[in-house]
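K.L.:
Going line by line, the protein sequences match chains A and B.
Read in order, the letters of the first sequence correspond to residues 410 to 521 in my numbering.
Read in order, the letters of the second sequence correspond to residues 36 to 151 in my numbering.
We put the CB at the ideal spot given by N, CA and C, even for glycine.
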Amino acid sequence: GENVEQHPSTLSVQEGDSAVIKCTYSDSASNYFPWYKQELGKGPQLIIDIRSNVGEKKDQRIAVTLNKTAKHFSLHITETQPEDSAVYFCAAPRVAGTALIFGKGTTLSVSS
Amino acid sequence: NAGVTQTPKFQVLKTGQSMTLQCAQDMNHEYMSWYRQDPGMGLRLIHYSVGAGITDQGEVPNGYNVSRSTTEDFPLRLLSAAPSQTSVYFCASSLKTSGRADNEQFFGPGTRLTVL
């Protein structure tokens with residue numbers, strides 16, 4: 410069945426380091442790959458997304474890369490700050506329907 | 036705009052009780068969904084809707100009912116609560132696009148439900 414795998418499940422970095430989270434997906438027809446950030450006690454919020462017609466997208470300190478051949482995409486956060494500490498989810502459109510299928514999440518801890 | 040609102044924020048039920056989790060959005064979004072979040076499991080889809088009067092099942096629909104009588108509201112009903120339904124529930128909405136979820140989904144703040 411359709412699946413989104415996300416690694417690692419936890420990631421600890423020092424402030425100023427880079428962080429990378431990777432996801433693989435199973436549906437080769439997927440064309441949209443969002444990343445969500447969830448802070449404690451809140452709902453997930455979109456931080457960046459990429460569509461299948463581009464290989465990379467950047468927004469200040471965050472970037473997403475997509476490899477459609479290998480069916481994987483990654484989130485890159487540079488110059489991490491303590492406020493980047495949160496749970497990050499990757500997602501892809503479900504094969505059927507108008508909702509997303511999510512990875513299991515990565516808990517990022519940035520220590521100062 | 037208030038965005039996506041959910042009530043209540045917290046709820047404790049006894050096994051066998053029923054209740055309705057409320058979700059409303061004021062962005063005129065056609066697509067709405069309910070997810071549950073459990074530790075280490077990510078977000079799993081319960082039910083979704085592509086517009087008023089149209090709903091369908093997601094990955095984990097058993098024990099839950101939904102209806103969509105208006106564009107704005109998408110309530111989730113627990114028919115007979117079980118301890119396995121202890122979870123955090125999120126409602127989300129997005130604009131209608133190509134028929135797949137290829138647009139930003141806006142999430143509510145969640146309802147934390149405990150079933151004893």
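Could you confirm whether any beta carbon from chain E is found closer than 9 Å to the beta carbon of residue 450 of chain A?
P.N.:
No chain E appears in this structure, whose protein chains are A and B.
K.L.:
Looking only at its chain, what residues have a beta carbon closer than 7 Å to the beta carbon of residue 113 of chain B, apart from the 5 residues adjacent to it on each side?
P.N.:
Cβ neighbours of residue 113 of chain B beyond the five flanking positions: 53, 54, 98, 99, 120.
K.L.:
Helix, strand or coil for residue 411 of chain A? Go by DSSP, reduced to three states.
P.N.:
Looking at residue 411 of chain A - three-state DSSP - the assignment turns out to be coil, as it is neither helix nor strand.
K.L.:
Grouping DSSP H, G and I as helix and E and B as strand, with all else coil, what is residue 523 of chain A?
P.N.:
Nothing can be reported for residue 523 of chain A: it is not among the residues displayed for chain A, which extend from 410 to 521.
K.L.:
Do the segment 501 to 511 of chain A and the segment 457 to 476 of chain A touch if we need at least three Cβ pairs shorter than 8 Å?
P.N.:
The segment 501 to 511 of chain A, when compared against the segment 457 to 476 of chain A, does not touch it at the 8 Å Cβ threshold.
K.L.:
How many angstroms separate the CA atom of residue 490 of chain A from the CA atom of residue 427 of chain A?
P.N.:
Each residue's alpha carbon lies about 10 Å from the other.
K.L.:
Do you know whose CA, among B/60, B/102, B/148, lies nearest residue 129 of chain B's CA?
P.N.:
The shortest C-alpha separation from residue 129 of chain B is found at B/60.
K.L.:
Where do the N-terminal and C-terminal ends of the beta strand (DSSP E) with residue 67 of chain B fall, by residue?
P.N.:
66 to 73 is the span of the beta strand (DSSP E), which, as asked, contains residue 67 of chain B.
K.L.:
Identify the residues that DSSP records as bridge partners of residue 490 of chain A: which are they?
P.N.:
Paired residues: none, contrary to the question.
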